[in-house]
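Notes to accompany the following structure.
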Amino acid sequence: MAVETFNYDNRIVRNFALATTIWGAVGMLVGVLIAFQIYLPALNFGIPYTTFSRLRPLHTNAVIFAFVGNGIFMGVYYSLQRLCKARMFSDALSRFHFWGWQVIIVSAALTLPLGFTVSKEYAELEWPIDILIAIVWVAFGINMIGTIIKRRERHMYVAIWFYIATFFTITILHIFNSIEIPVSFMKSYPVYAGVQDALVQWWYAHNAVAFFLTTPYLGLMYYFLPKAADRPVYSYRLSIVHFWALIFIYIWAGPHHLLYTALPDWIQSLGTVFSVMLIAPSWGGMLNGLLTLRGAWDRVREDPILKFMVVAVTAYGMATFEGPMLSIKSVNALSHYTDWTIAHVHVGALGWNGLLTFGILYWLIPRLYNTRLYSTRLANAHFWIATLGIIFYAIPMYWAGITQGLMWKEFTADGYLQYPLFLETVLQIVPMYVIRSIGGSIYLLGMLFMFYNLYKTIKAGKLQPEESAQAPALIDERPSKLKLIFNHHWLESRPVQFIILSVIAVSVGGLVEIVPTFLIKSNIPTITSVRPYTPLELEGRDIYVREGCYTCHSQMIRPFRSETERYGEYSKAGEFVFDHPFQWGSKRTGPDLHRVGRKYPDAWHYNHMLEPESMSPGSLMPAFPWLISNDLNTDHIAGKIRVMQQLGVPYPAGYDGQAQDDLERQASNIAESLKTSGVDASADKEIIALIAYLQRLGIDIQPE
Amino acid sequence: MSVMFILILASLFVAVCFLIAFLWAVKSGQFDDRHTPSIRMLLNDKKDNKNMHNIDQNRNEMREN
Chain A
0 MAVETFNYDN
10 RIVRNFALAT
20 TIWGAVGMLV
30 GVLIAFQIYL
40 PALNFGIPYT
50 TFSRLRPLHT
60 NAVIFAFVGN
70 GIFMGVYYSL
80 QRLCKARMFS
90 DALSRFHFWG
100 WQVIIVSAAL
110 TLPLGFTVSK
120 EYAELEWPID
130 ILIAIVWVAF
140 GINMIGTIIK
150 RRERHMYVAI
160 WFYIATFFTI
170 TILHIFNSIE
180 IPVSFMKSYP
190 VYAGVQDALV
200 QWWYAHNAVA
210 FFLTTPYLGL
220 MYYFLPKAAD
230 RPVYSYRLSI
240 VHFWALIFIY
250 IWAGPHHLLY
260 TALPDWIQSL
270 GTVFSVMLIA
280 PSWGGMLNGL
290 LTLRGAWDRV
300 REDPILKFMV
310 VAVTAYGMAT
320 FEGPMLSIKS
330 VNALSHYTDW
340 TIAHVHVGAL
350 GWNGLLTFGI
360 LYWLIPRLYN
370 TRLYSTRLAN
380 AHFWIATLGI
390 IFYAIPMYWA
400 GITQGLMWKE
410 FTADGYLQYP
420 LFLETVLQIV
430 PMYVIRSIGG
440 SIYLLGMLFM
450 FYNLYKTIKA
460 GKLQPEESAQ
470 APALIDERPS
480 KLKLIFNHHW
490 LESRPVQFII
500 LSVIAVSVGG
510 LVEIVPTFLI
520 KSNIPTITSV
530 RPYTPLELEG
540 RDIYVREGCY
550 TCHSQMIRPF
560 RSETERYGEY
570 SKAGEFVFDH
580 PFQWGSKRTG
590 PDLHRVGRKY
600 PDAWHYNHML
610 EPESMSPGSL
620 MPAFPWLISN
630 DLNTDHIAGK
640 IRVMQQLGVP
650 YPAGYDGQAQ
660 DDLERQASNI
670 AESLKTSGVD
680 ASADKEIIAL
690 IAYLQRLGID
700 IQPE
Chain B
0 MSVMFILILA
10 SLFVAVCFLI
20 AFLWAVKSGQ
30 FDDRHTPSIR
40 MLLNDKKDNK
50 NMHNIDQNRN
60 EMREN
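If you read the sequences in order, they're chains A and B. FYI, numbering that gives the first Met the number 0 numbers position 377 of the first sequence as 376, with every residue one higher than the one before it. FYI, numbering that gives the first Met the number 0 numbers position 39 of the second sequence as 38, with every residue one higher than the one before it.
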């Protein structure tokens, strides 16, 4: 058997490693900034681009796709080559993947603060960037699968399975959730509306957590933890069971994000059942990771790399225990919309993803640079600082979440809400917000320790861009059945790429045509009094989306007495049929807005946007004074109406030509009404449109 | 709620693909050996050996200091 000599590509691994380090720090810095802003709204410095509601999506996207994303690619490019005993399939694709991904990150960092957003959580980026993501992601997939095909090791180690599942599922999720009809270069409307949009979105977002933050990192755990501990995984058999059980269950759990909403009850129950089942494979995986260290716990005491990994796996276990618990309706009734969710996701992000990434970096960088880690002591310090940061982050957030959840539901003996003022429940937990911002800063400080340590390590060593290895070529012992089916030579040599490419081609083409027609029928309103938005309301809604109001305000009143007392009639699925995209939100830092229409006079909203504290003393909402000075851009109103018509919104035929007149008429009415309240506002400002939208919210089913 | 059918179909599509992959993996003998792969992945290419015990070396030095 001929032994072949080949080189592993270390440069691409190094590039992704640096990217994850740098973007990680940037993403967390934005996180720390918004953690301060949540109780000191003036920290936006009066600039729209640095306001909480625009930065929060930037923070989540940066941490998920820039920090964890580059972390995944770093680990995959290192481990896949070695597990397959092969160089990456194509150096050109590797480079395209790396630079393409960085371009996506930079364009996200520019467009999100500028207000270009679809407002679907973790899928906020507008359609041109969505297309770029799909292209770069498929390039990654081709590169990975090409490497697997030309592998010199017949057995595919379990980590590879996790990587394949990541690629395949994220492709499907991204395509389905991003089907939008463009209005202009940076504005589009999702084809789904209301409750359907919510379901698709949370099917996506849940599985983004599952297949972007979890499965690839489990693959990395199964590679780097045994490597760092220098002993095999506790049970290889369990790891295989872990993988297959996890992927078959995970994809059905999405509806647990929409418990007690207007989503049909049976879908909610389906989500709950699968979520609870998820405990089994998740904990199997966690125990498999921890038990790998059996007989080596003495080394954990001294080796910071193992410390990082052990706490990461423990955090995985805690988060995957908590997730199913939060998916139980009675727990969710208390936890949803509160900081409990924020605590939960940060145990996952800071603990599982963060610490595992740090552990891998400390292990990997010295190997890439053919040297030793500059300081074990500094790495140890980083470990303790990071752990402390997580504790100072998570505990106050759990405390805040439960406190606020209980306060929302508290009634007096006479049957009135104990805390009818929403603001009271926010001010109660401000001390917790303060501690959280300190916790986040501590965690970020730890990263600076790592920066210095890795910098000194890199300085001391020299990058080994090519690492030579030897392995015998793989000889096909078993003639596969595929060969008999596909007799053509070209197909035989590339069956997997061929299948994947055709699946993607068929999905994209088919979906674009089929999905809208499929959905339009179901968009016929079931509540006859629910009308489409007027042109001015539509423009106001787009401003609501642009400013990211959904990051703090929900539009979904759950059927609890505590909520109907506070906000009004509970929300019904039929009320959202014209909402492209839905704006249900997932967190109430401010009150729910679904029934805010007609609750306050127009002038109240005007003054509230100009200076929230003038209407609501002590308010922590940032001011939005630019809405008052900005002229409303109505250039695209005809196009917007046409897209809505395409999506089945029943505007009369030819209404696009009439929209501008209607818009101006409604705007001058609102300006008139403001004038009678002593507010002198011009009718062509953005605030007028926003007021029109807010006053429209939730009034369709109210008696006139 | 017709979108539910789309999502179920998409999810089933994913599940069926994984099922096919699983059946292929079982049939082609991927899981016949459930032990040695976990050890084989630990065997290093020669380059790696030199730095294998970085931390151990650092630790020893710390002790000596």
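Every residue, glycine too, gets a C-beta built ideally from N, C-alpha and C. Predicted model, so just to flag it, every value in this text is computed and none were measured.
Task: Limits of the unbroken alpha helix (DSSP H) element including A:Asn704 - done: For residue 704 of chain A there is no data in the structure shown, the boundaries of chain A being 0 and 703.
Open item on the list: Would you say the beta carbon of A:Tyr599 is closer than 7 Å to some non-hydrogen atom of the ligand ATP?
Closed with: This structure simply doesn't include the ligand ATP, nor any ligand for that matter.
Open item on the list: Distance cutoff 8 Å, beta carbons only. Does A:Tyr76 sit that close to anything in chain B?
Closed with: No, its Cβ sits nowhere closer than 8 Å to a Cβ of chain B.
Task: Straight-line gap, A:Gly573 to A:Arg594 (C-alpha atoms, nearest Å) - done: Straight-line measurement puts the Cα of A:Arg594 at about 15 Å from the Cα of A:Gly573.
Task: Every unbroken alpha helix (DSSP H) within the stretch 546 to 626 of chain A, with a cutoff of 4 residues, ordered by chain - done: Complete alpha helix (DSSP H) runs here, min 4: 560 to 566, 601 to 609 and 611 to 614.
Task: For A:Ala14, the nearest candidate out of A:Tyr368, A:Phe247, A:Lys328 and A:Arg435 (CA to CA) - done: It is Asn, not Ala, that sits at residue 14 of chain A in the sequence shown. The shortest CA-to-CA distance from A:Asn14 to any of A:Tyr368, A:Phe247, A:Lys328 and A:Arg435 is the one to A:Tyr368.
Task: alpha helix (DSSP H) runs contained entirely in the stretch 203 to 260 of chain A, provided each spans 4 or more residues - done: Within the stretch 203 to 260 of chain A, the complete alpha helix (DSSP H) runs of at least 4 residues fall at 214 to 228 and 235 to 249.
- [ ] For A:Met446, I'd like the list of residues in its chain whose CB is within less than 7 Å of its CB, leaving aside the five on either flank, ordered along the chain.
- [x] Cβ neighbours of A:Met446 beyond the five flanking positions: Gly23, Ala24 and Met27.
TODO: Give the single residue among A:Tyr76, A:Ala311, A:Leu619 and A:Tyr566 whose Cα lies nearest to the Cα of A:Asn352.
DONE: Out of A:Tyr76, A:Ala311, A:Leu619 and A:Tyr566, A:Ala311 has the C-alpha closest to the C-alpha of A:Asn352.
- [ ] Taking A:Leu349 and A:Tyr392 to be in contact with their CB atoms under 8 Å, please state how far apart those CB atoms are, rounded to whole angstroms.
- [x] Going by Cβ atoms, the distance from A:Leu349 to A:Tyr392 rounds to 6 Å, so yes, they are a contact pair.
Task: Pairwise C-alpha distance: A:Glu179 and B:Phe17 - done: Using only the alpha carbons, I get a separation of about 28 Å.
Task: For A:Ala468 and A:Ile437, the rounded distance between their alpha carbons - done: Linking A:Ile437 to A:Ala468 through their CA atoms gives a straight-line distance of about 47 Å.
Task: Contact list for B:Val15 against chain A, beta-carbon separation under 9 Å - done: The premise fails here: B:Val15 is roughly 11 Å from chain A at the closest Cβ pair, so nothing lies under 9 Å.
Open item on the list: Can you find the residues in the same chain that come closer than 6 Å, C-beta to C-beta, to A:Leu483, ignoring five residues on each side of it along the sequence?
Closed with: Residue placement at A:Leu483 is poorly supported in this model, since its pLDDT is 46, which falls under 50; the coordinates still yield a value, given next. So no residue of the chain qualifies.
TODO: May I have the straight-line CA-CA distance separating A:Pro231 from A:Val137, to the nearest angstrom?
DONE: About 32 Å.
Task: Delimiting residues of the alpha helix (DSSP H) encompassing A:Ile474 - done: Following the DSSP letters along the chain, one finds A:Ile474 in no alpha helix (DSSP H), marked with neither H nor E.
Task: Span separating the alpha-carbon of A:Val194 from that of A:Val576 - done: Straight through space, the alpha carbons of A:Val576 and A:Val194 are spaced by roughly 8 Å.
- [ ] Run down chain A in chain order and give the residues with a C-beta less than 9 Å from the C-beta of B:Leu41.
- [x] Residues of chain A whose Cβ lies closer than 9 Å to the Cβ of B:Leu41 are, in chain order, Pro225, Lys226, Asp229, Arg230 and Pro231.
Open item on the list: Checking 8 Å against the spacing of the C-beta atoms, do A:Trp201 and A:His256 come in under that value?
Closed with: Yes, these two residues count as a Cβ contact at 8 Å.
Open item on the list: Taking DSSP's pairing of strands, which residues face A:Pro181 in a bridge?
Closed with: Residue pairing from DSSP places A:Pro181 in a beta bridge opposite A:Ser187.
TODO: Output the distance between the C-alpha atoms of A:Tyr77 and A:Ala252, rounded to the nearest integer angstrom.
DONE: A:Tyr77 and A:Ala252 have their C-alpha atoms roughly 31 Å apart.
Open item on the list: Counting only C-beta atoms, is B:Ile38 closer than 8 Å to chain A at any point?
Closed with: Interface annotation, B:Ile38: in contact with chain A, CB-CB separation under 8 Å.
Task: Residue range of the unbroken alpha helix (DSSP H) whose run includes A:Val2 - done: Note, A:Val2: premise wrong, no alpha helix (DSSP H); beta strand (DSSP E) at Val2 to Asp8.
Task: The alpha helix (DSSP H) enclosing B:Met40, as first and last residue numbers - done: That residue, B:Met40, is in no alpha helix (DSSP H); it is neither H nor E in DSSP.
Open item on the list: Taking 8 Å as the cut-off, does the stretch 274 to 293 of chain A touch the stretch 232 to 250 of chain A (at least 3 CB pairs, one atom from each stretch)?
Closed with: As far as the Cβ criterion goes, the stretch 232 to 250 of chain A touches the stretch 274 to 293 of chain A, which means the pair count is three or higher.
Open item on the list: Does A:Tyr454 pass the burial test, meaning 16 or more other C-beta atoms within 10 Å, or should it be called exposed?
Closed with: Classification of A:Tyr454: exposed, given that the 10 Å Cβ count is below 16.
Open item on the list: Is it buried or exposed, A:Gln701, if we count other Cβ atoms within 10 angstroms and call 16 or more buried?
Closed with: Burial call: exposed.
Open item on the list: Tell me which residues of the stretch 142 to 161 of chain A have at least one Cβ-Cβ distance to chain B shorter than 7 Å, keeping chain order.
Closed with: Residues of the stretch 142 to 161 of chain A with a Cβ closer than 7 Å to any Cβ of chain B, in chain order: His154, Met155 and Tyr156.
Task: Boundaries (first-last residue) of the alpha helix (DSSP H) holding A:Val344 - done: From DSSP, the alpha helix (DSSP H) with A:Val344 extends over Asp338 to His345.
Task: For A:Lys684, the residue or residues it bridges with in DSSP - done: Answer is A:Asp630.
TODO: Give every residue of the same chain whose Cβ lies closer than 7 Å to the Cβ of A:Asn287, excluding the five residues on either side of it in the sequence, and list them in chain order.
DONE: Hits under 7 Å: Val232, Tyr233, Ser234, Leu237, Ser238 and His241.
Open item on the list: Do A:Leu131 and A:Gly347 count as a contact pair if the criterion is CB distance below 8 Å?
Closed with: No; because the gap between Cβ atoms is not below 8 Å, this pair is not in contact.
Task: 7 Å CB neighbourhood of A:Ile103 in its chain, flanking five on each side removed - done: Ile128, Leu131, Ile132 and Val135.
Task: Of the listed residues A:Ala41, A:Ile144, A:Ser118 and A:Leu124, nearest to A:Ser89 (C-alpha basis) - done: Closest option to A:Ser89, Cα to Cα, is A:Ile144.
- [ ] Can you tell me which of the three DSSP states A:Glu538 falls into?
- [x] In this structure, DSSP gives A:Glu538 a helical state, which the three-state scheme calls helix.
Open item on the list: So with CB distances below 7 Å, who are the chain A contacts of B:Leu68?
Closed with: What is shown of chain B runs 0 to 64, which leaves residue 68 of chain B out entirely.
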